[in-house]
Amino acid sequence: MHKELTGDRYLTLALALLDVGTGAVSFVQAGHPHPILLRRSGATEVLGQGGLPIGLLQEASFDICKMWMRPGDRLILYTDGLTECTDPDGTMLDEPGLLAICDRHRHRAGPEFLQRLKQDLVGFSRAEEFSDDASAIVLDYKGPPA
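The numbering used here numbers the first residue of the sequence shown as 4 and each following residue consecutively.
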């Protein structure tokens, strides 16, 4: 893939694999923001090592991170458009702001969580449209299949 990405062309990636039987998660980041893990216990963890975008350096390597989810835990993968969302003065929401929003809505079901996240981003930016892509995926782990 690197041979196809030359010059200033690169891409970011977050890839996570969940073993639904054990809750084991293996993931890798390539220039993508750190995943957020909201524990059922109320704890919040920022995961991962970061890593360079794919295509930036031919010799780049990517570390696989491992963690375990327990029933009731929530994993959030998102694009940098969320943390780089700006208010009218140009101040970015940044990771602490995103963590605060996630914590505020942690008790909501997945679809409602995402709706509230978007509402809070719109409220922060005071704009319906964002200057960058703003995407998120929420994975709620219920435990092993019956």
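All C-beta atoms in this analysis are idealised placements derived from N, C-alpha and C, irrespective of residue type, glycine included.
Report task. Could you tell me how far apart the beta carbons of Asp136 and Thr82 are, in whole angstroms, since I believe they sit closer than 8 Å? Result -> 5 Å
Query raised in the report: Would you call Val28 buried or exposed, if buried means 16 or more other Cβ atoms sit within 10 Å of its Cβ?
Result: buried
Query raised in the report: Can you tell me the Cα-Cα spacing of Leu50 and Gly100, whole angstroms?
Result: 16 Å
Report task. Compute the beta-carbon to beta-carbon distance between Phe116 and Leu96, rounded to the nearest angstrom, for a pair I have assumed lies under 8 Å. Result -> Not confirmed; about 17 Å, so no contact.
Query raised in the report: Do we get a CB-CB distance below 8 Å when we pair Ile39 with the residues of chain C?
Result: The displayed structure is made up of one protein chain only, and chain C is not part of it.
Requested in this report: Determine the DSSP secondary structure at Phe30, reduced to helix, strand or coil.
Outcome: strand
Report task. Could you tell me how far apart the beta carbons of Gly84 and Phe30 are, in whole angstroms, since I believe they sit closer than 8 Å? Result -> No, Gly84 and Phe30 are not in contact; Cβ-Cβ is about 20 Å, not under 8 Å.
Query raised in the report: What are the boundary residues of the alpha helix (DSSP H) that includes Leu102?
Result: 97 to 107
Query raised in the report: For Leu59, does the three-state DSSP call read helix, strand or coil?
Result: coil
Query raised in the report: What residues are listed by DSSP as bridge partners for Ala19?
Result: Phe30
**Report entry** Cβ neighbours of His35 in the same chain (closer than 7 Å, five flanking residues each side left out)
**Finding:** Thr15, Leu16, Ala17
**Report entry** Pick from Cys88, Arg77, Ile67, Ser138 that is closest to Thr47, judged by C-alpha positions
**Finding:** Arg77
Query raised in the report: Any idea what DSSP makes of Leu142, helix, strand or coil?
Result: strand
Query raised in the report: Which value, in whole angstroms, describes the spacing of the CA atoms of Gln32 and Lys69?
Result: 12 Å
Query raised in the report: What span of residues does the beta strand (DSSP E) with Thr86 cover, start to end?
Result: Unbroken run through Thr86 is the alpha helix (DSSP H), 83 to 86; no beta strand (DSSP E).
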